[in-house]
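Numbering (this note's numbering), first residue to last: 53 to 641.
Quick reminder that beta carbons are idealized off the backbone N, C-alpha and C, glycines included.
First the structure, in the form of C-alpha cells, and then the observations on it.
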C-alpha cells in the first residue's frame with residue numbers, strides 16, 4: 053500500500069499532527085474525556101492541615117486500606133473484561149497493578165509515614181508512587197518513560213477512591229475519545245461502548261494503552277499538543293492512525309480520500325499476500341520478523357503474517373516487575389514465548405539497561421548514551437548476565453531461541469559473553485537441567501567501532517542485527533531525543549548507508565545471517581535500497597509487515613542492486629532520498 057499517495061487534507065480542514073500509535077482510520081463524534089482532578093483533591097488535603105491530629109491517624113490508615121481495596125476490585129473487574137476481549141496476556145497489565153496494591157512493603161511504608169509524618173494518605177500514596185514514576189521518567193528511552201503512565205493510573209485511582217471520586221466507565225456509543233491522557237483501563241472500559249478511536253495529548257506509540265488499542269483494532273494518535281483546548285464534545289473529527297493525523301470537521305473531499313485509504317489497507321490486510329511467504333518479484337526469498345516488547349503482542353504476529361520475533365527487548369521485564377527479574381521468573385517468561393513461537397525464531401536482546409534507566413543504580417551520568425549501558429553493565433554485573441543466560445538456556449526446549457548482545461563495541465566484549473555462555477552451558481548439562489540445544493549468539497551493530505571490526509566480529513558470532521536508530525545517533529553525533537538537533541538526525545545519511553553496506557558485505561563473506569531491526573527497516577521507501585544492499589531479513593513492528601511485504605513483492609533484485617550502487621556513490625541525504633522517490637514512481641510501488 054502506498055500511504056504517501058493519499059490526497060492531502062483540504063486547506064479548509066483543521067489538522068493536528070501527532071504520532072501514530074495504533075493503525076486504522078475512524079470518523080466520528082468527539083467525546084471529550086476529563087477525569088476527576090485528583091491532583092486538586094490531593095493538593096487540597098495537603099493544605100487543609102499541616103498535621104493530622106493524633107486521634108485521626110488510625111482512621112486515615114483505615115481510609116487508605118479501603119481505597120486500596122476499592123482500587124484492587126476495580127482493576128480485577130477490568131482485568132476480567134480485558135481477558136474476555138483480547139486475551140489473558142493483556143490482562144496481566146492490570147494484574148501487575150493489583151500486585152502493587154497488595155504489596156506488604158508498599159502498604160507498610162505508607163502506614164509508617166502517615167504515623168510518623170501525620171500527613172494525609174493521599175499525599176503519602178502520591179509521593180510513594182511518584183518514586184516509581186521518576187525512575188522511569190528520567191530514562192532517555194521512550195519505552196520506559198511511557199510505562200510511567202501505568203503508575204499514574206494507579207496513583208489517580210487510589211486518590212480518587214480516598215475521596216470517593218467518580219469513575220467514568222461509560223461513554224456515548226461509537227464515540228471518538230479525546231483526552232489529555234488515557235490509561236489502559238480507560239480504553240478497556242470505553243471499548244464496551246464500541247469506541248471508534250482515540251486521540252491524546254500525551255502518551256507514546258509503545259505504551260500499554262497503545263498496545264491495547266492495537267489489539268482491539270482501535271485507531272489511536274498520541275502526542276497531539278494543545279488538542280483538548282481546541283476540541284469540544286460533539287465535534288466531528290477524523291483520525292488517521294497510519295500517519296498520526298487528526299482532522300477537525302473534515303471536508304467531504306477529505307473524508308472520501310480517507311475512505312479510499314481505509315479500503316486499500318483493509319484489502320491488503322486481508323489479502324493472501326499477508327499470509328504467504330515473502331518473495332521479491334523475481335522469486336528471492338525474504339524473511340520478515342517482528343520487534344516486540346511484551347508477550348501481549350504475540351497475537352499480532354499471526355494477524356500481520358510475521359515469521360517470528362527478530363527482536364525481543366528483554367529489559368521490559370524490569371518494568372513488569374519493578375525490580376531485577378529473578379532467574380526463575382525469566383525462565384518461565386522466555387519458555388512461554390519460545391513455546392508459542394516454535395518453530396519460528398525467538399530472538400532475545402540481552403538486557404540493554406543503561407545508567408539512566410537501571411532501576412537499582414543511584415549513579416547519575418551526564419550522558420548515559422555514551423556511558424554505562426548495554427553489554428558494559430552486563431559484564432560489570434556478572435550475576436545479571438549469568439541469570440539471564442541460564443534462564444534462556446533452560447527455556448530453549450525447542451531450539452528456537454537466539455541471543456543478541458547489545459551495544460557491542462569490541463571483540464573482547466563478545467568473547468567475554470561467549471566464554472560465560474559456554475561455561476554456563478556445561479554447568480547446566482552436568483546438572484542435567486537443560487536439553488543439549490545450543491543458543492545461537494549474535495551481535496547488535498549499533499556503533500561505528502563495531503562496523504570497523506565487522507570482519508573480526510563475524511568470526512566470533514553466528515548472526516548480526518543492525519540497529520539503525522543508535523547507529524545513526526553515534527555515527528553523526530546527534531541525540532535522537534534532542535529536538536534542537538532533530539533536523540540533523542537523517543536516517544538516509546550517506547555514511548550510515550555505507551556502514552550498512554559494509555556490514556552486510558562482511559556478513560555474506562563469512563556466511564553470517566544479518567537482519568535489521570531499526571526504524572529504517574520499517575520504512576517502505578527505503579525497502580528497495582536495503583534489498584539492493586543485500587539485506588534479506590527485516591524485523592519491524594508487526595503492523596508494518598503488510599506494507600513492507602507488498603513493496604518487496606513488486607521489486608526485482610537486479611533493479612534494487614542498481615539502485616543501491618547509485619546511492620552508495622551519492623554524497624548527500626537529499627540525493628539518496630530523491631533517488632528512492634524516483635525508484636518508487638518508476639516501479640509503481
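Give a yes or no on whether the C-beta atoms belonging to residue 610 and residue 635 are separated by under 9 Å. Within the chain shown, the letter at position 558 stands for residue 610. Within the chain shown, the letter at position 583 stands for residue 635. No; because the gap between Cβ atoms is not below 9 Å, this pair is not in contact.
When the Cα of residue 369 is compared with those of 577, 76 and 443, which residue comes out closest? As a working note, residue 369 is residue 317 in the chain shown. It is 443.
Would the beta-carbon of residue 480 fall within 9 Å of that of residue 454? As a first step, residue 480 is located in the chain shown; it is residue number 428 there, counting from the start. As a first step, residue 454 is located in the chain shown; it is residue number 402 there, counting from the start. No, the Cβ-Cβ distance between residue 480 and residue 454 is not below 9 Å.
Give me the residue from 429, 510 and 365 with the minimum Cα distance to residue 349. In the chain shown, residue 349 corresponds to position 297, counting from 1. Looking at the Cα atoms, 365 is the closest of the given residues.
What residue range is occupied by the uninterrupted beta strand (DSSP E) comprising residue 228? Your numbering for residue 228 matches position 176 in the chain shown. Per DSSP, residue 228 belongs to the beta strand (DSSP E) from 227-231.
Whether residue 519 touches residue 551 by CB criterion (9 Å): Residue mapping note: residue 519 aligns to position 467 of the chain shown, counting from 1. Residue mapping note: residue 551 aligns to position 499 of the chain shown, counting from 1. No.
Give the range of the alpha helix (DSSP H) segment to which residue 307 is assigned. In the chain shown, counting from the first residue as 1, residue 307 sits at position 255. Where residue 307 is concerned, the enclosing alpha helix (DSSP H) stretches over 304-321.
Reduced DSSP category for residue 365 - H, G, I as helix; E, B as strand; rest coil: Taking the chain shown and counting its residues from 1, the one referred to as residue 365 is at position 313. Strand.
At what residue ranges does the stretch 541-627 contain a whole run of the alpha helix (DSSP H), taking only runs of 4 or more? If we require 4 residues or more, the alpha helix (DSSP H) runs fully inside the stretch 541-627 come out as 546-561, 579-585, 597-605 and 609-619.
Residue 496: first and last residue of the uninterrupted beta strand (DSSP E) it sits in: Numbered from its first residue, the chain shown carries residue 496 at position 444. Its beta strand (DSSP E) spans residues 492-497.
What is the rounded straight-line gap between the Cα of residue 155 and the Cα of residue 276? Counting from 1 along the chain shown, the entry for residue 155 is found at position 103. Counting from 1 along the chain shown, the entry for residue 276 is found at position 224. Roughly 36 Å between the two C-alpha positions.
How many Å lie between residue 631 and residue 579 at the Cα? As a working mapping, residue 631 is identified with position 579 in the chain shown. As a working mapping, residue 579 is identified with position 527 in the chain shown. Whole-angstrom Cα-Cα distance: 13 Å.
Starting from residue 518, follow the beta strand (DSSP E) in both directions and report where the run begins and ends. Along the chain shown, one-based indexing puts residue 518 at 466. For residue 518, the enclosing beta strand (DSSP E) begins and ends at 515-518.
Residue nearest to residue 703 in terms of C-alpha spacing, selected from 405, 115 and 566: Absent from the model: residue 703. The displayed extent of the chain is 53 to 641, so no value can be given.
From which residue to which residue does the beta strand (DSSP E) around residue 469 run? The residue labelled residue 469 in the question sits at position 417 within the chain shown. Per DSSP, residue 469 belongs to no beta strand (DSSP E); it is in the alpha helix (DSSP H), 463-482.
According to DSSP, what are the bridge partners of residue 454? Taking the chain shown and counting its residues from 1, the one referred to as residue 454 is at position 402. For residue 454, the beta-bridge partners assigned by DSSP are 399 and 492.
Residue 204 beta carbon less than 9 Å from that of residue 233: Counted from its first residue, the chain shown places residue 233 at position 181. Counted from its first residue, the chain shown places residue 204 at position 152. Taking 9 Å as the cut-off, the beta carbon of residue 233 is found closer than this to the beta carbon of residue 204.
If you run the structure through DSSP and keep just helix, strand and coil, what is residue 289? Here residue 289 refers to the residue found at position 237 of the chain shown. Strand, per DSSP.
8 Å contact criterion, which residue 70 and residue 256 should meet: CB distance rounded: Indexing the chain shown from 1 puts residue 70 at position 18. Indexing the chain shown from 1 puts residue 256 at position 204. So it is not a contact: roughly 11 Å between Cβ atoms.
With a cut-off of 8 Å on the beta carbons, I'd call residue 345 and residue 259 a contact; round off their distance for me. Position 293 of the chain shown, counting from 1, holds the residue named residue 345. Position 207 of the chain shown, counting from 1, holds the residue named residue 259. About 10 Å; that fails the 8 Å criterion.
Sort 68, 598 and 78 by Cα distance to residue 653 and report the nearest one. With the chain covering 53 to 641 only, the question about residue 653 has no answer from this structure.
Taking DSSP's pairing of strands, which residues face residue 337 in a bridge? Translated into positions along the chain shown, residue 337 becomes position 285. Its beta-bridge partners are 331.
Are the stretch 238-246 and the stretch 283-294 in contact at 8 Å, needing three or more beta carbon pairs? Between the stretch 238-246 and the stretch 283-294 there are fewer than three inter-stretch CB-CB distances shorter than 8 Å, so the stretches are not counted as touching.
When you compare only the Cα positions, how much space is there between residue 639 and residue 581? As a working note, residue 639 is residue 587 in the chain shown. As a working note, residue 581 is residue 529 in the chain shown. Distance between the alpha carbons of residue 639 and residue 581 is about 13 Å.
For residue 326, the nearest candidate out of 335, 85, 347 and 354 (CA to CA): Within the chain shown, residue 326 is the residue found at index 274, counting from 1. Of 335, 85, 347 and 354, the residue nearest in Cα terms is 354.
From the beta carbon of residue 332, is the nearest beta carbon of chain C less than 9 Å away? The structure shown contains no chain C; it holds only a single protein chain.
Going by beta-carbon coordinates alone, are residue 132 and residue 123 separated by less than 9 Å? To locate residue 132, count along the chain shown from 1; it is residue 80. To locate residue 123, count along the chain shown from 1; it is residue 71. The answer is no: Cβ separation not under 9 Å.
DSSP on residue 83, reduced to helix/strand/coil? Residue 83 sits at position 31 when you count from the first residue of the chain shown. Note: residue 83 maps to strand in three-state DSSP.
Within 8 Å, do at least three Cβ pairs link the stretch 293-312 to the stretch 103-121? Counting Cβ pairs under 8 Å, fewer than three are found: no touch.
Are residue 382 and residue 347 closer than 9 Å when you measure CB to CB? Within the chain shown, the letter at position 330 stands for residue 382. Within the chain shown, the letter at position 295 stands for residue 347. It is not a contact, given that the beta carbons lie outside the stated cut-off.
How is the alpha helix (DSSP H) around residue 298 delimited, first residue to last? Counted from its first residue, the chain shown places residue 298 at position 246. Residue range 297-300 is occupied by the beta strand (DSSP E) that includes residue 298, with no alpha helix (DSSP H) assigned at that position.
Any contact of the stretch 470-479 with the stretch 433-441, i.e. 3+ C-beta pairs under 8 Å? The stretch 470-479 is in contact with the stretch 433-441.
Could you give the distance in angstroms between the alpha-carbon of residue 526 and the alpha-carbon of residue 499? Stepping through the chain shown from its first residue, residue 526 is reached at position 474. Stepping through the chain shown from its first residue, residue 499 is reached at position 447. Roughly 6 Å between the two C-alpha positions.
Would you identify the three-state DSSP class for residue 346, choosing helix, strand or coil? Walking along the chain shown from the start, residue 346 turns up at place 294. Coil.
Apply the 10 Å Cβ neighbour rule to residue 149 and answer buried if 16 or more other Cβ atoms are within range, or exposed otherwise. If you number the chain shown from 1, residue 149 lands on position 97. Classification for residue 149: buried.
Close-in-space but distant-in-sequence residues of the same chain around residue 331 (CB under 8 Å, 5 per side omitted): For the purposes of this step, residue 331 is taken as the residue at position 279 of the chain shown. So the list reads 337, 338, 604 and 605, once near-sequence residues are dropped.
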